[in-house]
Ligand SMILES: Cc1cc2nc3c(=O)[nH]c(=O)nc-3n(C[C@H](O)[C@H](O)[C@H](O)COP(=O)(O)O)c2cc1C
């Protein structure tokens, strides 16, 4: 059984650090890998949102390490009494906080439930307030709601934006996008094969990574 932490998907071709080559082929400076934490708001087996993130992990470009957070369903309900100063927190909370802290940025993909973001995802974000884990953390989302969704899951993303705003996250608008996904385009391995959708996922990853690198350079 998998633990409640994060699974790392470092591409075979991605070493710990990436060496940038100059146009003349000479070796340049080593660039630190950007670590992205992929968070699905859906616990459903066969989730289209999780499929988008699985595809993102597969498409992570050179120099990017994509870690899939798989502990959403193991988190206890947030209770401030269980997050007291100086006291240990539940192991699943500690693992989540550690995964968020290790990540340079979060990429979220979530369905809409009952007109808002899912309770499980809100619960995770509530646990990030106590340790300021999402404060100033670059965060983007891909809205994968299918074309049949009445509002295109707009309410889920409006409420996600509100929660992230409260947390003080650095919302990376350029990396947020809408890629409508139907269950039919999810392949047998849980990955999306549609070339247009894959290109759009690549674009989101590229924008999020570029944002992290820009911040580092400042
Ligand atoms: C209990 C429940 C409530 C839902 N509420 C909404 C909703 O308010 N708005 C919406 O667009 N879709 C709603 N949906 C549809 C889901 O958002 C949609 O099926 C989504 O694709 C599920 O994502 P997944 O494939 O990643 O699990 C709801 C689904 C369920 C099961």
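In my numbering, the protein residues as written are 4 to 221.
Note that the Cβ used here is the ideal one computed from N, Cα and C, for glycine as well.
No experiment lies behind these values; they were computed from the predicted model shown.
Query: So residue 220 is in the beta strand (DSSP E); what residue range does that whole segment cover?; Result: No beta strand (DSSP E) holds residue 220; the alpha helix (DSSP H) holding it covers 198-220.
Query: For residue 76, collect the residues of the same chain with a Cβ closer than 6 Å to its Cβ; drop the 5 residues on either side in sequence, then sort them by chain order.; Result: 46
Query: Compute the Euclidean distance between the alpha carbons of residue 174 and residue 137, then round it to the nearest angstrom.; Result: 10 Å
Query: Take residue 130 and list the residues in its own chain whose beta-carbon comes closer than 6 Å to its own, dropping the five residues that flank it on each side.; Result: 81 and 96
Query: In whole angstroms, give me the CA-to-CA distance for residue 67 and residue 200.; Result: 20 Å
Query: As an exercise, report each continuous beta strand (DSSP E) stretch of at least 3 residues that is fully enclosed by the stretch 98-132, in chain order.; Result: 108-112
Query: Run through DSSP, which three-state label would residue 58 get?; Result: helix
Query: Helix, strand or coil for residue 37? Go by DSSP, reduced to three states.; Result: strand
Query: Output the distance between the C-alpha atoms of residue 192 and residue 104, rounded to the nearest integer angstrom.; Result: 29 Å
Query: Label residue 56 either buried or exposed according to how many other C-beta atoms from any shown protein chain fall within 10 Å of its C-beta, with 16 as the threshold for buried.; Result: buried
Query: Any chance the CB of residue 51 is under 7 Å from a heavy atom of ligand 3?; Result: With respect to ligand 3, the structure offers nothing, as its ligand set consists of ligand 1.
Query: Buried or exposed, going by whether 16 or more other CB atoms sit within 10 Å of the CB of residue 44?; Result: buried
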